[in-house]
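Asks: Chains as they are written, first to last, in our numbering: chain A, 89 to 596; chain B, 30 to 360.
Cβ atoms here follow ideal geometry from the backbone N, Cα and C, with glycine treated the same way.
(1) Exposed or buried, what is residue 72 of chain B when buried is set at 16 or more other beta-carbons lying within 10 Å of its beta-carbon?
(2) Using a Cβ-Cβ distance cut-off of 9 Å, determine whether residue 104 of chain B contacts chain A.
(3) Measuring only the C-alpha atoms, how far is residue 106 of chain B from residue 331 of chain B?
(4) Confirm, please, whether the CB-CB distance from residue 586 of chain A to residue 392 of chain A is below 9 Å.
(5) Starting from the beta carbon of residue 465 of chain A, find every residue of chain B whose beta carbon is closer than 7 Å, and list them in chain order.
(6) What's the call for residue 240 of chain B, buried or exposed, on a 16-neighbour Cβ count within 10 Å?
(7) Three Cβ pairs or more, each shorter than 8 Å: is that satisfied between the stretch 93-100 of chain B and the stretch 291-304 of chain B?
(8) For the alpha helix (DSSP H) containing residue 231 of chain B, list its first residue and its last residue.
(9) With the cut-off set at 9 Å, would you say residue 378 of chain A and residue 564 of chain A are in Cβ contact?
(10) For residue 254 of chain B, decide whether its Cβ has a neighbour in chain A, counting only Cβ atoms nearer than 9 Å.
(11) Residue 239 of chain B CB to nearest chain A CB: under 9 Å?
(12) Please report whether the beta-carbon of residue 396 of chain A lies at a distance below 9 Å from any beta-carbon of chain B.
(13) Which one or two residues does DSSP pair with residue 323 of chain A in a beta bridge?
(14) Alpha carbon to alpha carbon, how far is residue 173 of chain B from residue 114 of chain B?
(15) Is the shortest distance between the beta-carbon of residue 306 of chain B and the beta-carbons of chain A less than 9 Å?
(16) If we ignore side chains and look at the alpha-carbon of each, how far apart do residue 249 of chain A and residue 276 of chain A end up?
(17) Check whether chain A comes within 9 Å of residue 243 of chain B, counting only Cβ atoms and requiring the distance to be less than that.
(18) Of all Cβ atoms in chain A, is any one closer than 9 Å to the Cβ of residue 54 of chain B?
(19) What are the partner residues of residue 378 of chain A, as DSSP defines its beta bridges?
(20) How many angstroms separate the CA atom of residue 107 of chain A from the CA atom of residue 310 of chain A?
(21) How is the alpha helix (DSSP H) around residue 314 of chain B delimited, first residue to last?
(22) What's the call for residue 365 of chain A, buried or exposed, on a 16-neighbour Cβ count within 10 Å?
(23) Along chain A, in chain order, which residues have C-beta atoms closer than 9 Å to that of residue 250 of chain B?
(24) Quick one: list the residues of chain B neighbouring residue 218 of chain A, beta-carbon separation under 9 Å, in chain order.
(25) Just confirm the distance between the C-beta atoms of residue 235 of chain B and residue 257 of chain B, as a whole number of angstroms; I'd bet it's less than 8 Å.
(26) Just list the residues that DSSP pairs residue 414 of chain A with in beta bridges.
(27) Does the CB of residue 456 of chain A have a neighbour CB from chain B at under 9 Å?
(28) Just the chain B side, please: which residues come within less than 7 Å of residue 443 of chain A by C-beta, in chain order?
(29) Cutting at 7 Å between CB atoms, please list the residues of its own chain near residue 361 of chain B, excluding the five before and the five after it.
(30) Is any beta-carbon of chain A found at less than 9 Å from that of residue 232 of chain B?
(31) Nearest-angstrom Cα distance between residue 204 of chain B and residue 220 of chain B?
(32) Cα separation between residue 250 of chain B and residue 471 of chain A?
(33) For residue 390 of chain A, tell me which candidate among A:142, A:257 and A:112 has the shortest Cα-Cα distance.
(34) What do you get for residue 274 of chain B, buried or exposed, if any count of 16 or more other CB atoms within 10 angstroms of its CB means buried?
(35) Decide yes or no for the touch test of the stretch 543-563 of chain A against the stretch 368-382 of chain A: beta carbon pairs closer than 8 Å, at least 3 of them.
(36) Just how far apart, CA to CA, sit residue 277 of chain B and residue 485 of chain A?
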């Protein structure tokens, strides 16, 4: 085990330590939500540290603190023994901490070399110094062992893996000594992943410190020297990767008791209302079959990017069906979203801001949008909406208030209220409690429980396992586009789900 | 159904936000401001009843076209071809009249042609999935060209009919108070405003402009709704064309050049957001009025045309800046 220096030791001693990067007791709050609550992390030069944890454990927030996107509320950071307090991402980069984000942040129309030196182009007077740009870009690419990527080509012509190289080269070119890779393999093929691993080893040999964020544990096992586990904003464990079995790491990730947050009234599943057989979407899902009964809550677990959202969007007619069967009540076959609503099915999108809600409209418009009579009055809309504002406890001034004014939890209740107003029989809820506070979560769980008791059928997609274990009757796991058979919650535990979701199910 | 304990505050207190009020009254305050300004600067010529009647007459064409543009802008689109369309419609109406079609038939014909143009724009936008800016920029040229071709590159002089009277100044003993064209604009404004507020179609226009993804998720047929928006807006541009024809008393393929910008400016001054989801008919009419009053007032003060243009430009920038500030405060 790598032991962190005694936290009681004075800062002077820390300054003497040979860590490239150290973070100590980092805390970060967003309003009432505590995202990070005393996180410690340390990595040496020439070392790969894996940062693991479930979705929502605080990995991204921690990395945002590290890369200067969010300031920490409390805690200290050192870079090569010197206090490090980045004010913004540019500051962090100048200090030597480079972040490679999941979504590549390249200027797609510009050339590879321009991207590598973007924002720090060498110039002669007002003119670009192309000779120097080409030289420095080619040095950076050379360091990565990829001199084959054409420096003049616009980035959009490159493959995703090559674009990632450009992004890494950009960090290397300005002399970053700490590189943070956030889920770098999520959009790579197997072959590209192996290339990336070679590159990581290469950079490691050159003395860079690398923080590797992933929830694919087999990758963590392969590439990292040591690891830190985050859970609910705490660092709950660290160690040398080769010395700790995968099972133990998973236990650290999920080690939690199911709180009394989840109401569960006795309910009896009725007849099947939704049947999906061998469903294949345009990219994901690759294969999915499920049966959903009246009065049942079915959970779909899995990692972000496994294809869960694509599955329910395909069922709902928001994404094309390549093959397979969908039956909803008496209706068979694929249908558009508007037909799905008419068939008594409703959806809550995982992305409230981009898709779920029209933020610049008021609550009443958002709630009643899916089912408006041809003629209506604002007063009628308000009356309809007020019922659901009361029942869901949406905190607002009036139904005329803009949804953008509401807190995340209340926005989510508006999205759920739309399904209740429409009185659908089958509810597809994609991450219904993401980014909302515990009180609002409890209310959403209560609503789901009540709906199931009234014979409605609910599918809940969630990355938060305790929640699925708490509210679902059965759970199926999605891994890389393939949905497993749904099993009753009594027969499955978080450990098992985590194994299946990370694709480690067969090996352990 | 749910018995969620509501720890939350009473949700239905109808406290009305000051910012809401400001947003709603913003354009009206602007209107009041220019009215007061010119009344002080030029009380003799500006502050007269028949001048206000003139202002409404001068507003009729842009105001009517702005009704349709409001729908398009609320839905997140734009129409750059409306000036060209108006020119085309004057030519079509004049040609129909010259061909011996009775006045009412010619007017209807003009509006039908207009609706067909809108249908074409709507189809191009929804089928080719291109930005409305690009499609209507293309139509801006094509419709102007069509008008010139139909008119054989010259004016079209039709026989005189009652259509020429729509925007005539009223004789003093008239009981109508306003010229028929101004009444048409106001009546249509009431109808379109009611449509936006009281029909499903109207609410869907707002939803699409606010967030097209959400609209799709909620089962709204976005393409079909857009097609109807462009058709309706074009039909309103057809009425504007009729009024323009009445003003000119002939078909002129070169008329209304640049008017699309006046129309868009009126809608924007009226508080609509070019990114969609926001806007009102009352606001757009007020916006059109503000622009007319500025130009009318400047004329009465015997200021040169270039002064008017600079002032109008300044008002557009000022209006949008104020709008931005208001919203920054609310969010």
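Replies: With the structure as the only source:
(1) Against the second chain, residue 72 of chain B aligns to sequence position 43. With fewer than 16 Cβ atoms within 10 Å of its Cβ, residue 72 of chain B is classed as exposed.
(2) Here residue 104 of chain B refers to the residue found at position 75 of the second chain. Not one chain A Cβ lies under 9 Å of residue 104 of chain B.
(3) Here the question's residue 106 of chain B lines up with position 77 in the second chain. Here the question's residue 331 of chain B lines up with position 302 in the second chain. Rounded to whole angstroms, residue 106 of chain B to residue 331 of chain B spans 38 Å at the Cα level.
(4) For this step, residue 392 of chain A is matched to residue 304 along the first chain. For this step, residue 586 of chain A is matched to residue 498 along the first chain. In this structure, residue 586 of chain A does not lie closer than 9 Å to residue 392 of chain A by Cβ.
(5) Counting from 1 along the first chain, the entry for residue 465 of chain A is found at position 377. The contacting residues are 227.
(6) Walking along the second chain from the start, residue 240 of chain B turns up at place 211. Residue 240 of chain B comes out buried.
(7) The stretch 93-100 of chain B and the stretch 291-304 of chain B touch, with no fewer than 3 CB-CB distances between them shorter than 8 Å.
(8) What you label residue 231 of chain B is simply residue 202 of the second chain in a count that begins at 1. It spans 229-239 - the alpha helix (DSSP H) in which residue 231 of chain B sits, taken as one unbroken run.
(9) Position 290 of the first chain, counted from the start, is the residue given in the question as residue 378 of chain A. Position 476 of the first chain, counted from the start, is the residue given in the question as residue 564 of chain A. Yes, the Cβ-Cβ distance between residue 378 of chain A and residue 564 of chain A is below 9 Å.
(10) Here residue 254 of chain B refers to the residue found at position 225 when the second chain is read from its first residue. No, because no Cβ of chain A sits closer than 9 Å to the Cβ of residue 254 of chain B.
(11) The residue you call residue 239 of chain B lines up with position 210 of the second chain. Flagged as an interface residue toward chain A: residue 239 of chain B, by a C-beta distance shorter than 9 Å.
(12) Stepping through the first chain from its first residue, residue 396 of chain A is reached at position 308. With 9 Å as the cut-off, residue 396 of chain A does not count as an interface residue toward chain B.
(13) Stepping through the first chain from its first residue, residue 323 of chain A is reached at position 235. BP columns for residue 323 of chain A point to A:318.
(14) Working through the second chain from its first residue, we reach residue 173 of chain B at position 144. Working through the second chain from its first residue, we reach residue 114 of chain B at position 85. Approximately 7 Å, taken between the alpha carbons.
(15) By one-based count along the second chain, residue 306 of chain B stands at place 277. Output row for residue 306 of chain B: interface = yes.
(16) Taking the first residue of the first chain as 1, we reach residue 249 of chain A at position 161. Taking the first residue of the first chain as 1, we reach residue 276 of chain A at position 188. Their Cα atoms are separated by approximately 6 Å.
(17) Within the second chain, the letter at position 214 stands for residue 243 of chain B. With 9 Å as the cut-off, residue 243 of chain B counts as an interface residue toward chain A.
(18) Counting from one through the second chain, the residue named residue 54 of chain B turns up at place 25. Residue-level contact by beta carbon fails for residue 54 of chain B and chain A, as no gap is shorter than 9 Å.
(19) As a working note, residue 378 of chain A is residue 290 in the first chain. The partner list for residue 378 of chain A (beta bridge, DSSP) reads A:364.
(20) As a working note, residue 107 of chain A is residue 19 in the first chain. As a working note, residue 310 of chain A is residue 222 in the first chain. Rounded to whole angstroms, residue 107 of chain A and residue 310 of chain A show a C-alpha spacing of 22 Å.
(21) As a first step, residue 314 of chain B is located in the second chain; it is residue number 285 there, counting from the start. For residue 314 of chain B, the enclosing alpha helix (DSSP H) stretches over residues 310-329.
(22) For the purposes of this step, residue 365 of chain A is taken as the residue at position 277 of the first chain. Classification for residue 365 of chain A: exposed.
(23) Taking the first residue of the second chain as position 1, residue 250 of chain B is located at position 221. Contact note: residue 250 of chain B reaches chain A through 424 and 426, using a C-beta cutoff of 9 Å and chain order.
(24) Your numbering for residue 218 of chain A matches position 130 in the first chain. Neighbours of residue 218 of chain A on chain B: none; closest Cβ ~33 Å, over 9 Å.
(25) The sequence position of residue 235 of chain B within the second chain is 206, counting from 1. The sequence position of residue 257 of chain B within the second chain is 228, counting from 1. So it is not a contact: roughly 14 Å between Cβ atoms.
(26) If you number the first chain from 1, residue 414 of chain A lands on position 326. The beta-bridge partner set that DSSP reports for residue 414 of chain A consists of A:364.
(27) Residue mapping note: residue 456 of chain A aligns to position 368 of the first chain, counting from 1. It does: the Cβ of residue 456 of chain A has a partner Cβ on chain B nearer than 9 Å.
(28) What you label residue 443 of chain A is simply residue 355 of the first chain in a count that begins at 1. Neighbours of residue 443 of chain A on chain B, chain order: 242, 243 and 246.
(29) Only positions 30 to 360 of chain B appear in the structure, and residue 361 of chain B is not among them; the question remains open.
(30) Translated into the one-based positions of the second chain, residue 232 of chain B becomes position 203. For residue 232 of chain B, at least one C-beta of chain A is nearer than 9 Å to its own C-beta.
(31) As a working mapping, residue 204 of chain B is identified with position 175 in the second chain. As a working mapping, residue 220 of chain B is identified with position 191 in the second chain. In this structure, the straight-line span from the alpha carbon of residue 204 of chain B to that of residue 220 of chain B is close to 24 Å.
(32) As a working note, residue 250 of chain B is residue 221 in the second chain. As a working note, residue 471 of chain A is residue 383 in the first chain. Distance between the alpha carbons of residue 250 of chain B and residue 471 of chain A is about 26 Å.
(33) Taking the first chain and counting its residues from 1, the one referred to as residue 390 of chain A is at position 302. Distances from the alpha-carbon of residue 390 of chain A to those of A:142, A:257 and A:112 put A:142 closest.
(34) In the second chain, the residue the question calls residue 274 of chain B occupies position 245. Here residue 274 of chain B is buried. Its C-beta has 16 or more other C-beta atoms within 10 Å.
(35) Three or more beta-carbon pairs drawn from the stretch 543-563 of chain A and the stretch 368-382 of chain A are found closer than 8 Å, and the two stretches are therefore classed as touching.
(36) In the second chain, counting from the first residue as 1, residue 277 of chain B sits at position 248. In the first chain, counting from the first residue as 1, residue 485 of chain A sits at position 397. Going by the C-alpha atoms only, they are around 52 Å apart.
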